[in-house]
Amino acid sequence: MSATMLAESPATYSPPAQFRLSGSGLLRSEWTKFWSLRSSWIVMICAALFGAGIAVAVAFDFTIPPPEASEGANAPAAPVDPLTALNVFFGFQLASVFIAVLGALFITGEYSTGSIRSTMSAAPRRTGVLWAKTAVFGSIVLAVYSVLILATFYATQAILSDTEYGGLALSDPGVFRILSGQVVMMVYLGLLGLAVGAILRNSAGSISFYVGAILVLPMLMVELPWEWVGDIAPYTPGNVPNTLAMLDTTGATLSVGESWAWMGAWLVVSFGLAAVLLKRRDV
Amino acid sequence: MDRIACGRSVVDMIEIEHLTKRYGRKTAVDDLTFTVKPGVVTGFLGPNGAGKSTTMRTIVGLDAPTAGTVRVNGKRYAQFRSPMTEVGALLEAKSVHAGRSAYKHLLALAHTHSVPKRRVREVIDTVGLSDVAGKRVGGFSLGMGQRLGIAVALLGDPAVLILDEPVNGLDPDGVRWIRELLKSLAAEGRTVFLSSHLMSELSQTADHLVVIGQGKLLADTTVDEFVNGRGDGKVRVVSPDAAALAERLQGPGITIASPKSGVLEIQGTEAAVVGTTAAAHGLVLHELSTQRASLEDVFMEITADAVEYQQTKEGVAA
Chain W
80 MSATMLAESP ATYSPPAQFR LSGSGLLRSE WTKFWSLRSS WIVMICAALF
130 GAGIAVAVAF DFTIPPPEAS EGANAPAAPV DPLTALNVFF GFQLASVFIA
180 VLGALFITGE YSTGSIRSTM SAAPRRTGVL WAKTAVFGSI VLAVYSVLIL
230 ATFYATQAIL SDTEYGGLAL SDPGVFRILS GQVVMMVYLG LLGLAVGAIL
280 RNSAGSISFY VGAILVLPML MVELPWEWVG DIAPYTPGNV PNTLAMLDTT
330 GATLSVGESW AWMGAWLVVS FGLAAVLLKR RDV
Chain G
11 MDRIACGRSV VDMIEIEHLT KRYGRKTAVD DLTFTVKPGV VTGFLGPNGA
61 GKSTTMRTIV GLDAPTAGTV RVNGKRYAQF RSPMTEVGAL LEAKSVHAGR
111 SAYKHLLALA HTHSVPKRRV REVIDTVGLS DVAGKRVGGF SLGMGQRLGI
161 AVALLGDPAV LILDEPVNGL DPDGVRWIRE LLKSLAAEGR TVFLSSHLMS
211 ELSQTADHLV VIGQGKLLAD TTVDEFVNGR GDGKVRVVSP DAAALAERLQ
261 GPGITIASPK SGVLEIQGTE AAVVGTTAAA HGLVLHELST QRASLEDVFM
311 EITADAVEYQ QTKEGVAA
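These protein sequences, in sequence, are chains W and G. Using my numbering, the first residue of the first sequence is number 80, and each one after it goes up by one. Using my numbering, the first residue of the second sequence is number 11, and each one after it goes up by one.
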């Protein structure tokens, strides 16, 4: 190809110089990997159906007038807080489990199939792959759920327009915070799942750990007889984003700002551990 | 341009020095030292569990050595700015997500190094997977998976190819194809390093041999030397006058065996002597050939002590 090359002995081979490993290359690679699996599409669609589907169904239920005050205790006190309409979003809690599992599988799938060997041979410094996966997966969840949650908001508001829950605008106090909180929560939990996958490297183990230790354990903690265990429960990785989507944050242990700080801290800890292990362990 | 300055043609492309790898208490590779040169096919021979795959994994940095160093073209593999063009590796067949198509798998890897789609199509054609490139890999046969693995190795058009048991699962056509492919890649000046536990396979493909057993180096030599250096050559004769010929050939230092009637295997002489003797006595010969000790024989001899899973006496009888 080049003159310098030709001057060398004929049996000397020089590989193409234009192929170069790069961060943007790793991003494109992970993007291709994510969308080239049918399971990614299926899980994304399931998560969307559960989240938005439950919201729409609940919104329709809200439009049915409550039976005449026979249920006394459960009857909402008038006047209703219009933010109550945002309770329809609770289906997204279920969706977040799908997203976290998808995050874990995004990396454990490489280990279980062995494709991690070609991935890490192509990028032997390894951590670049982890950051590319994180960026790609985080961006996909952010983009998809921004659209989905906004669409769900407008759809449910359209359904509720004739009720006392209708008439909410994005600019109303608390609305944007709660909606963006739902999105951030989804991204955070998805990334947490990815980090767990990177640390444990095993699909079944990662999913069990996520569901058991991150989702269920904090709920049990408050039931335990030792008060201090219940006291730390709000600071556990699965609980710290809760404040973001609360209708009323006044009684919350963490403020919105603290909630952000704790999410950041847990991501730094989990991804830090994942990166160190990725560097140290054999593939 | 820095790559030209480092004088690729002079250095050994793969340098393994005192490599030791332990997994817990098990030593997979034990103080292994050898080099692999460009321009020839180097075979990496050893019984199962000898440490071949482990050694290959350390070359591309998947496993870190417990002790010793592994260098490719003078550098640690992780230091390369474009690893994929330096080393292409096939480490295990079907190391691909079963739900992904062959094309997407290659494309994802190609993206890391900004390798164009054209090159992806090219390697798919080279390995003969054009018809199934869009299909999910889960449905691939072992041979197709192996071809895909070879496509991955070729993707970056690399200077060094490392192939762990590449003929596994290939049909006879495929075996011939890969043999020719590897020879032509070596002829271009690339370094080709392939492992096998099939001695016969390497004898037809490799020029140079590195033999290991239980993680230790047993031989580092050319294929010819490996075979000729051990075991005497035999002269094989097929003749209707076998008995008469055997009588005429008797002499000191000559042993004659007759594995079946009409066939002689003579050690301690040469084919020319046998032919001349036969002609002098008017004996008819149907076949006269020199038999080199097969690579198999030499390999069995050399690794006899180094087989990890020594079979029990009863096991051998089975």
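Using N, Cα and C, we set each Cβ at its ideal position, and we do this for glycine too. Please read these numbers as outputs of a predicted model, since none were measured by experiment.
For the stretch 95 to 109 of chain W, the set of residues with a beta-carbon nearer than 9 Å to any beta-carbon of chain G comprises Pro-95, Ala-96, Gln-97, Phe-98, Arg-99, Leu-100, Ser-101, Ser-103, Gly-104, Leu-105, Leu-106, Arg-107, Ser-108, Glu-109, in chain order. Taking C-beta atoms under 8 Å as the contact rule, Thr-232 (chain G) and Ile-24 (chain G) fail to qualify, at a distance of about 17 Å. Look at the stretch 183 to 202 of chain W: the residues with a C-beta under 9 Å from a C-beta of chain G are Gly-188, Glu-189, Ser-191, Thr-192, Gly-193, Ser-194, Ile-195, Arg-196, Ser-197, Thr-198, Met-199, Ser-200, Ala-201, Ala-202. Val-254 (chain W): member of the alpha helix (DSSP H) spanning 254 to 279, first to last residue. Taking each of G:His-291, G:Ala-289, G:Gln-260, G:Val-248 in turn and checking the Cα distance to Gln-301 (chain G), the smallest one comes out for G:Val-248. Straight through space, the alpha carbons of Asn-321 (chain W) and Glu-243 (chain W) are spaced by roughly 26 Å. When DSSP assignments are scanned along the stretch 70 to 96 of chain G, the uninterrupted stretches of beta strand (DSSP E) that are 3 or more residues long and fall wholly within it turn out to be 77 to 82. Under the 10 Å beta carbon count, Ala-211 (chain W) is surrounded by 16 or more other beta carbons and is classified as buried.
With a threshold of 16 other beta carbon atoms within 10 Å, Thr-187 (chain W) meets it and is buried. His-218 (chain G): member of the beta strand (DSSP E) spanning 218 to 223, first to last residue. Under the Cβ criterion of 8 Å, His-218 (chain G) is not counted among the residues facing chain W. Under the Cβ criterion of 8 Å, Gly-109 (chain G) is counted among the residues facing chain W.
When C-beta distances to chain G are compared with 7 Å, the residues of the stretch 114 to 136 of chain W below that value are Ser-115, Leu-116, Arg-117, Ser-118, in chain order.
Annotation for Leu-195 (chain G): Leu-171, Val-202 place their beta carbon closer than 8 Å to its own, counting only its chain and skipping 5 residues before and after.
Bounds of the beta strand (DSSP E) holding Ala-38 (chain G) are 36 to 46. Spatial neighbours of Ala-230 (chain W) in its own chain (CB-CB distance under 8 Å, excluding positions within 5 residues in sequence) are listed in chain order as Ala-131. With a cutoff of 8 Å on beta-carbon distance, Ala-179 (chain W) and Gly-272 (chain W) are scored as near each other. Residues of chain G whose Cβ lies closer than 7 Å to the Cβ of Thr-111 (chain W) are, in chain order, Lys-114, Leu-117, Ala-118, His-121. For Ala-344 (chain W), the secondary structure class from DSSP, reduced to helix, strand or coil, is helix.
Comparing C-alpha distances from Thr-45 (chain G) to each of G:Ser-299, G:Gly-56, G:Leu-29 shows the shortest one belongs to G:Leu-29.
Close to chain W, meaning a Cβ-Cβ distance shorter than 7 Å, is no residue of the stretch 277 to 306 of chain G at all. Contact annotation: the stretch 204 to 213 of chain G touches the stretch 48 to 68 of chain G, with at least three C-beta pairs closer than 8 Å.
In this structure, Asp-251 (chain W) keeps its C-beta atom at 8 Å or more from the C-beta atom of Ala-74 (chain G). Thr-187 (chain W): not part of any beta strand (DSSP E); member of the alpha helix (DSSP H) spanning 170 to 192, first to last residue.
By the Cβ-count criterion, Trp-110 (chain W) is buried, with 16 or more other Cβ atoms from all chains shown falling within 10 Å of its own Cβ.
A Cβ-Cβ contact shorter than 8 Å links Ser-124 (chain G) with Arg-99 (chain W).
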